[in-house]
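Worksheet for the structure shown next.
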Amino acid sequence: MSIYSGVNFIMKKYCAYRFAHIAAYKKDPASIQKTIFKEIISKAKDTEWGKKYDYASIKSIKDFQARIEPQEYDHIRDYIARMMDGQQNVLWPDKIKWYAKSSGTTNDKSKYIPVSDENLKNCHIKGGWDAVTLIYNNLKDAKLFQNKSILLGGALETFPNNPNIIAGDISAIMLKNFPAVGRNFYVPDFETALMKDWESKIEKTALQALQIPNMAMFGGVPTWNLVLFKRMLEISGKDNLLEIWPELQVYMHGGVGFGPYKAQFKKLIPKDDFIYQEIYNASEGFFAIKDDFAREDMLVLLENGIFYEFIPLETYGNPNATAYTIEEVVEGVPYVILVTNFAGLSRYVPGDTVIFTSLYPHRIQVFGRTQQFLNAFGEEVMISNAEQAIAHTCSHTDAVVSEYTVAPIFLDIANKGGHQWLIEFEKDPTDINEFGILLDKKLQALNSDYEAKRSKNLALDSLKLTKVPKGTFYQWMKYKGRLGGQFKIPRLSNSRKIIDEILFFLKTRTTI
């Protein structure tokens, strides 16, 4: 037995021990959530925020819900700014060094989410270990600690107003604090992994990875992994990744919906038993992981320092909307997720909507965003509708979509309204018009509001499909200075700002 296979054997045993804890909270989520709630309230009671809402007198979850409204970023922006200036005991008693930087998907301004040492260790890094544990539980011949793995993370920067504060993508914060036991099993080296210049990072990562004879896993946002893998194939002259690393086993992905990318990855990794493990690791916390690879949902992590609440999407924004705890949710209802954590967030709204697909154990699918939907005409098209429609249409036209964004075509006196789809194809459909017709029909089948508006073209015309050259979205992101894991192409928007910017960019650039 080699040293590495011996290490892998030990880690397999360790993961079996960890899995027993995961199995325990599947059975009794309510008591675990109540314990976390009490611990957070107790620790935060003497902060400025805790005194404002008199945490010391809170006796129940109902007390907590009655005192504090759901908090979006704008509600706590000033508190976080003061924390980043060095003030202590504002939202959380400890000084916080790390801040997860997120651009959001509809706003160019960055958000800075506090990540305390406790939150980092007992939520994000613990969630990473949970993900590895679930791989070993499902895949008996997993070799994550025998072969190497590729992790493509974000970048870090010192906050200009306070050199003691470090901000960046949550993946970069996790890499910077990566457990020593795992560092030798990952490429690229951590200096390369944390580079700001994404083009240089991808080039160096490709060159380093191609020197490794065996890879077990890779992880990261699909958009940037595809760029990396295409570069690897260019350098190596190979047709797919299995020709480079026959023992590839797992892709751990998150950050964006995977549906539009799956066909491309299946082409890159033509292996029927290859595992795609979705993780739900947001700036605010590590929320869920796919625990059963035969399913398409994720297990909610209930013992990772997060107290969860859920408001039905249809009532979100109403002053008296009811928030439900984990023991009160039901299957099939779109919920807005609220989190309270060990970094000072209280009833915070990350902006995601989820649907419970099972209870005991509690599993979810990400349904969409509270702010990323298309409702210019009352059609209420969610991101899940768009991604399912794209996947269906691609499968029926032998096409592969690499990127897309959708915006309204606003009605005027002479014309009806509609939707414009800007699509970049990795593989073109045989008939672009047929693709548009099938896409429109599938959207109607998925969304009754859209179907009603499209009926006899009374309110909405059929969608307008605009094909753009390969590389358009990447070059536009580069032009905007938005290369990196925390930046995402907005899929759906109720304004034409993004789509018009891209169309103008195409007009003014002679080559892509």
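Just remember that our numbering sits 62 ahead of the position in the sequence shown, which is counted from 1.
We put the beta carbon where it would ideally sit given N, CA and C, even for glycine.
Here the structure is a predicted model, which is why all the values come from computation and not from measurement.
Check                                                                                                          : Outcome
Residue range of the unbroken beta strand (DSSP E) whose run includes Met277                                   : 277-282
Any C-beta of chain C under 8 Å from that of Phe221                                                            : You won't find chain C in this structure, because it holds only one protein chain.
Among Phe336, Arg293, Leu256, the one whose alpha carbon lies nearest that of Ala278                           : Phe336
Simplified DSSP assignment, three categories, for Ile450                                                       : The sequence given here has Gln at residue 450, not Ile. If DSSP states are grouped into helix, strand and coil, Gln450 belongs with the helices.
Arg357: first and last residue of the uninterrupted alpha helix (DSSP H) it sits in                            : Here Arg357 belongs to no alpha helix (DSSP H), and DSSP marks it neither H nor E.
Cβ pair Asp147, Asn224 closer than 8 Å                                                                         : yes
Residues bridged to Trp160 [DSSP beta-bridge criterion]                                                        : Val177, Ile228
Burial state of Lys518, where buried means 16 or more other Cβ atoms lie within 10 Å                           : exposed
Assigned exposure category for Ser172 - 16 Cβ within 10 Å defines buried                                       : exposed
Gln208 classed as buried or exposed, judged by whether at least 16 other C-beta atoms fall within 10 angstroms : buried
Phe369 (DSSP reduced to helix, strand or coil)                                                                 : strand
Same chain, Cβ closer than 8 Å to Phe99, neighbours up to 5 away in sequence not counted                       : Ile123, Phe126, Phe369, Thr402
Whole-angstrom distance between Ile341 and Gly316, CA atom to CA atom                                          : 5 Å
Between the CA atoms of Leu501 and Leu565 - distance to the nearest angstrom                                   : 21 Å
Simplified DSSP state of His481, which is helix, strand or coil                                                : strand
Integer-rounded CB distance, given that His481 should sit under 8 Å from Val468                                : 6 Å
Cβ-heavy atom distance, Ala229 to the ligand PLP, below 7 Å                                                    : Annotation note on the ligand PLP: not contained in the displayed structure, which lists no ligands.
Contact check, Thr415 vs Leu375, beta carbons under 8 Å                                                        : yes
Contact the segment 345-361 vs the segment 416-433: 3+ CB pairs below 8 Å                                      : yes
Which of helix, strand or coil DSSP assigns to Gly166                                                          : With a pLDDT of 43 at Gly166, under the threshold of 50, the modelled position of this residue cannot be trusted; read the value that follows with caution. If DSSP states are grouped into helix, strand and coil, Gly166 belongs with coil.
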